[in-house]
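S.K.: Per my numbering, the very first residue in the sequence shown carries number 217; after that it's consecutive. The structure's right below; bear with me while I get my questions together.
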Amino acid sequence: MRRSDFHYELPAELIAQHPLPERSGSRLLVLDGLETPPRDRMFTDLPSLLKPHDLLIFNNTQVMRARLFGHKETGGQVEILIERLLDAREALAHVRASKSPKPGSRIRVTDGAWLSVVGREGDLFRLRALESDFSEQMAQHGHMPLPPYIHRPDDVLDESRYQTVFARRTGAVAAPTAALHFDEPMLARLDALGVARAEITLHVGAGTFQPVREDDLERHHMHSEWLEVDETVCERIERTRQLGGRVIAVGTTSVRSLETAATDGRLRPFRGESQLFIRPGYRFKVVDAMITNFHLPESTLLMLVAAFSGYSEIMKAYRHAIDQRYRFFSYGDAMFLTRQDVA
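Right, here's the structure in full:
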């Protein structure tokens with residue numbers, strides 16, 4: 217398949233610019249069988265789609281206040297998006313300026329602290345904080361890194377709403393958005409139903425928003441993200457299988473994490489980088505169902521869900537969602553998908 221096969225036209229007004237008043241107030245499009253048309257539900261209906269012994273896998277990454285603003289020594293304005301902290305004083309970052317800063321130059325951020333441009337690593341700049349740790353600078357002067365399709369500055373509400381209720385491991389520059397729909401009342405309902413929970417960590421990078429530039433998907437270079445699937449998660453999944461439950465990934469990041477940890481066919485603890493590119497033709501090894509938001513046209517995430525539930529079925533479901541005026545992308549509505557070969 218080619219990149220162009222995953223194109224669709226989306227009216228701009230369907231791109232959600234703000235979160236809804238309630239996390240669980242979104243709509244839920246259900247696609248749970250090849251012969252079953254999409255069903256329009258509400259996210260509060262999710263418990264009716266689950267059963268005791270099902271296991272939900274959440275990504276517990278925490279979004280950093282990773283966007284900083286400053287000036288070059290020459291006075292030119294600079295926007296910095298921290299991609300990854302290497303240690304307390306060094307980071308890899310995207311740097312936007314009228315002219316790219318040169319190695320050895322310096323950038324002064326909002327509070328007057330200086331950053332040194334050490335060099336480049338691919339599309340990223342290696343920066344060194346000269347006066348205070350990056351964590352301190354982000355805490356005091358950083359902004360939430362809202363996605364490029366949200367056309368407004370971040371505000372106070374984004375501090376909590378572009379963060380899941382169980383975020384605890386700092387390192388992401390984008391939220392695992394499918395999990396944004398879960399609030400404490402929903403989690404309590406699922407607990408009462410006997411639905412189990414486990415957590416993985418995948419620190420979402422800005423590469424998740426990068427377009428696929430090659431029409432031939434075999435030539436696409438997948439961005440790398442750090443993840444961890446620990447022994448506890450593996451044991452919980454094995455127990456779920458024994459009890460006849462399903463493994464339900466909350467978000468594409470949970471899918472990529474679990475499938476990375478089972479690359480050789482057997483699920484094992486994993487800690488490290490993943491460049492797994494899931495597209496139609498991929499055979500899933502761990503995940504039975506998933507909860508996800510709607511994804512950008514021609515994106516690797518749309519390709520992943522098409523691999524999971526069938527290309528034709530997903531593209532039809534997206535057309536249905538557009539016709540029914542669903543809200544798209546990070547602050548938008550959700551889908552519940554069953555894997556194609558187990559539907």
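Note that beta-carbon positions come from the ideal geometry of N, C-alpha and C, so glycine has one too. Please read these numbers as outputs of a predicted model, since none were measured by experiment.
1) With a threshold of 8 Å, are at least 3 pairs of Cβ atoms found where one atom belongs to the region 320–337 and the other to the region 240–259?
2) Can you tell me which of the three DSSP states I530 falls into?
3) Would you identify the three-state DSSP class for T476, choosing helix, strand or coil?
4) Residues in its own chain within less than 8 Å of P496 by CB, not counting five upstream and five downstream?
5) Give me, in chain order, the residues of the same chain whose beta-carbon lies closer than 6 Å to that of E447; leave out the 5 immediate sequence neighbours on both sides.
6) For D432, list the residues DSSP reports as bridge partners.
7) Thinking just about the alpha-carbon of each residue, which of R257, L230 and A329 is nearest to the one in E289?
8) Would M360 and R281 be called neighbours here (beta carbons separated by less than 9 Å)?
9) Using a Cβ-Cβ cut-off of 6 Å (strictly less than) and excluding sequence neighbours within five positions of D549, which residues of its own chain qualify?
10) In whole angstroms, what separates the C-alpha of Q458 from that of L343?
11) Restricting to Cα atoms, I'd like to know which of V279, D327, E306 and V294 is closest to R312.
12) Tell me which same chain residues have a C-beta within less than 6 Å of the C-beta of R377, skipping the five on either side of it?
13) Kindly provide the ranges of any beta strand (DSSP E) runs that are 3 or more residues long and lie completely inside the region 336–390, ordered along the chain.
14) If you count every other CB in all the chains shown that lies within 10 Å of the CB of S560, and 16 or more means buried, which is it?
15) Just the C-alpha distance for Q426 and L406, rounded to the nearest angstrom, thanks.
16) Hey, could you find the ends of the alpha helix (DSSP H) Q458 is sitting in?
17) Who are the Cβ neighbours of L266 in its own chain at under 6 Å, not counting the five residues just before and after it?
18) Exposed or buried, which one is H310 when buried takes at least 16 other CB atoms within 10 Å?
M.R.: A quick look at the data gives this:
1) no
2) helix
3) helix
4) M217, M519, A522, A523 and Y527
5) P485
6) R218
7) A329
8) yes
9) S242, R243, Y542 and R543
10) 49 Å
11) V294
12) P235
13) 340–345 and 385–388
14) Residue 560 lies beyond the stretch modelled for the chain, which goes from 217 to 559, so this question has no answer here.
15) 35 Å
16) E447 to L459
17) V411
18) buried
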